[in-house]
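Novice: Each residue of the sequence shown is one higher than the one before, counting from 1 in UniProt numbering. Heads up, the beta-carbon is just placed ideally off N, CA and C, and yes, glycines get one too. On a predicted model such as this, the values are computed, not experimentally measured, just so you know. This structure is in structure tokens; I'll ask about it shortly.
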Amino acid sequence: MAHLNLRDADSCRYDLVSLGEVMLRLDPGETRVRTARQFRVWEGGGEYNVARGLRRCFGQRTAIVTALVDNEVGRLVEDLMLQGGVATDHVRWLPFDGVGRTARNGLNFTERGFGVRGAVGCSDRGHTAASQLKPGDIDWDDVFGRLGSRWLHTGGIFAALSESAADTVEEALTAARRHGVVTSYDLNYRPSLWKEIGGADRAREVNRRLAPLIDVMFGNEEDFSACLGLEVEGVDGDLTHLPVEAYRRMIDRASEEYPNFKVIATTLRTVHSATVNDWGALCWAEGECHEATHRKGLEILDRVGGGDSFASGLIFGLLQGFEPAKALEYGAAHGALAMTTPGDTSMSTLAEVEKLVAGGSARVDR
Numbered sequence: 001m002a003h004l005n006l007r008d009a010d011s012c013r014y015d016l017v018s019l020g021e022v023m024l025r026l027d028p029g030e031t032r033v034r035t036a037r038q039f040r041v042w043e044g045g046g047e048y049n050v051a052r053g054l055r056r057c058f059g060q061r062t063a064i065v066t067a068l069v070d071n072e073v074g075r076l077v078e079d080l081m082l083q084g085g086v087a088t089d090h091v092r093w094l095p096f097d098g099v100g101r102t103a104r105n106g107l108n109f110t111e112r113g114f115g116v117r118g119a120v121g122c123s124d125r126g127h128t129a130a131s132q133l134k135p136g137d138i139d140w141d142d143v144f145g146r147l148g149s150r151w152l153h154t155g156g157i158f159a160a161l162s163e164s165a166a167d168t169v170e171e172a173l174t175a176a177r178r179h180g181v182v183t184s185y186d187l188n189y190r191p192s193l194w195k196e197i198g199g200a201d202r203a204r205e206v207n208r209r210l211a212p213l214i215d216v217m218f219g220n221e222e223d224f225s226a227c228l229g230l231e232v233e234g235v236d237g238d239l240t241h242l243p244v245e246a247y248r249r250m251i252d253r254a255s256e257e258y259p260n261f262k263v264i265a266t267t268l269r270t271v272h273s274a275t276v277n278d279w280g281a282l283c284w285a286e287g288e289c290h291e292a293t294h295r296k297g298l299e300i301l302d303r304v305g306g307g308d309s310f311a312s313g314l315i316f317g318l319l320q321g322f323e324p325a326k327a328l329e330y331g332a333a334h335g336a337l338a339m340t341t342p343g344d345t346s347m348s349t350l351a352e353v354e355k356l357v358a359g360g361s362a363r364v365d366r
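Pasting the structure below:
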């Protein structure tokens, strides 16, 4: 397997701790946000989704480090997280001022899309409690030292929320390395989060500062270009339909520029419509690049969170000591299954993931 120097599970309370914002997702179902008269409610967040998938699908011990305002909306988010089984001991609660002038809880309105109509997300997350986390707010020596964790996962969505959030990520990653905790990071470039604070140039500045602290890096073609400045040679125009060899060159460049990366992983997605994608993945480890089973014409109910579920499946495999190629298959299968159910988070079981990894069909089980 990839040489990750994992801590012994028996010496740690957690297999993985995630750092990031958890929002309330309001889902209009089959209609549009702009015409909705009712919403289904889920919890979600790029970093949190990984911890939840590891807990609910793969049975790992996980926790979330975040902040919420102590009001009815914050307690609803907490209740949803409790249902997901992710430990909430490290949630920082901020007092509610009655209006939300000083801090609030984030909302994410997301419609799934269908056919030629792509998915649409509309975030309402300014001045949130999580965005106000700053160095010194979390006792990382307690989390990683006294309690212990084998893995820390965080990412570029949380780092984009504020200057102090990026500084908190750096503090957490530094502490994790000091305690021998494996670190992973999903670049997750979102133009809407960066456009008012410097755009891609600022995203690149922040992420390049954090990259030397990462063991396992996740990202797609846009992420590596916008966040790390790794332009793909020999490709002109649209980056969303790169040939596999272009992805391989991109990963090779990342491994050369950041020799601290022990694993680099990316999903491969060709979008035919909002509800039909080709789906695959690549994983580089120890100088070798592996490609997962490619699933053409994958039918999608809700694509949001597919990449996070890919990450949790791959991390599970690496925590179990699987060879990178096998861990990659778990990630690709889990990501595919997550997109067949609504909401940001996985509703799959380990048995379903292993059935798909083994080449099982969608015939009815009864």
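Assess, as a yes-or-no matter, whether the segment 109-120 is touched by the segment 4-12 under the definition of 3 or more beta carbon pairs within less than 8 Å.
Specialist: No, they do not touch.
Novice: Go to Ile251, then tell me how far its alpha helix (DSSP H) extends in each direction, as first and last residue.
Specialist: Stepping through the sequence shown from its first residue, residue 251 is reached at position 251. It spans Val244 to Glu257 - the alpha helix (DSSP H) in which Ile251 sits, taken as one unbroken run.
Novice: Which partner residues of Cys122 appear in the DSSP bridge assignment?
Specialist: The residue labelled residue 122 in the question sits at position 122 within the sequence shown. Phe109, per the DSSP bridge assignment.
Novice: Of the choices Arg75, Ser192, Ala285 and Thr62, whose alpha-carbon is the least far from that of Val86?
Specialist: As a first step, residue 86 must be located in the sequence shown, where it is residue number 86. The residue with the shortest Cα to Cα distance from Val86 is Thr62.
Novice: Do Glu111 and Val33 have their C-beta atoms within less than 9 Å of each other?
Specialist: Counting from one through the sequence shown, the residue named residue 111 turns up at place 111. Counting from one through the sequence shown, the residue named residue 33 turns up at place 33. Yes, Cβ-Cβ distance for Glu111 and Val33 is below 9 Å.
Novice: Can you tell me which of the three DSSP states Leu6 falls into?
Specialist: Indexing the sequence shown from 1 puts residue 6 at position 6. DSSP places Leu6 in coil when its eight states are reduced to three.
Novice: Applying the 10 Å Cβ sphere with the 16-neighbour rule, what's the burial state of Val263?
Specialist: Within the sequence shown, the letter at position 263 stands for residue 263. Looking at its Cβ environment, which holds 16 or more other Cβ atoms inside 10 Å, Val263 is buried.
Novice: Secondary structure at Ala358, three-state DSSP: helix, strand or coil?
Specialist: In the sequence shown, residue 358 corresponds to position 358, counting from 1. Ala358 falls in the coil class under three-state DSSP.
Novice: Cys57 and Thr349: beta carbons closer than 9 Å?
Specialist: Walking along the sequence shown from the start, residue 57 turns up at place 57. Walking along the sequence shown from the start, residue 349 turns up at place 349. Closer than 9 Å, so yes.
Novice: Which of the three DSSP states is assigned to Tyr189 in this structure?
Specialist: The count along the sequence shown starts at 1 and reaches residue 189 at position 189. Here Tyr189 sits in coil by DSSP.
Novice: According to DSSP, which residues form a beta bridge with Ala27?
Specialist: In the sequence shown, the residue the question calls residue 27 occupies position 27. Per the sequence presented here, residue 27 reads as Asp, with Ala not at that position. Note: Asp27 sits in a beta bridge opposite Arg40.
Novice: Grab me the residues of Ser273's own chain with a C-beta within less than 7 Å of its C-beta, minus the 5 sequence neighbours each way, in chain order.
Specialist: Counting from one through the sequence shown, the residue named residue 273 turns up at place 273. Once the five neighbours on either side are set aside, the close Cβ partners of Ser273 are Gly115 and Val116.
Novice: Among the residues of its own chain, which have a CB less than 8 Å from the CB of Asn108, if the five just before and after it don't count?
Specialist: The count along the sequence shown starts at 1 and reaches residue 108 at position 108. So the list reads Met23, Leu24, Arg25, Leu26, Gly44, Gly121, Cys122, Ser123, Asp124 and Arg125, once near-sequence residues are dropped.
Novice: Ignore the nearest five residues each way along the sequence and tell me which others in Ala333's own chain have a CB closer than 7 Å to its CB.
Specialist: Position 333 of the sequence shown holds residue 333. Correct list, in chain order: Gly313, Val353, Leu356 and Val357.
Novice: Could you tell me which whole alpha helix (DSSP H) segments of length 4 or greater appear in the segment 264-330?
Specialist: Taking only runs of at least 4 residues, the alpha helix (DSSP H) segments lying wholly in the segment 264-330 are 306-319.
Novice: On the DSSP letters alone, give me the boundaries of the beta strand (DSSP E) that Leu94 sits inside.
Specialist: As a first step, residue 94 must be located in the sequence shown, where it is residue number 94. Here the beta strand (DSSP E) through Leu94 covers Val91 to Leu94.
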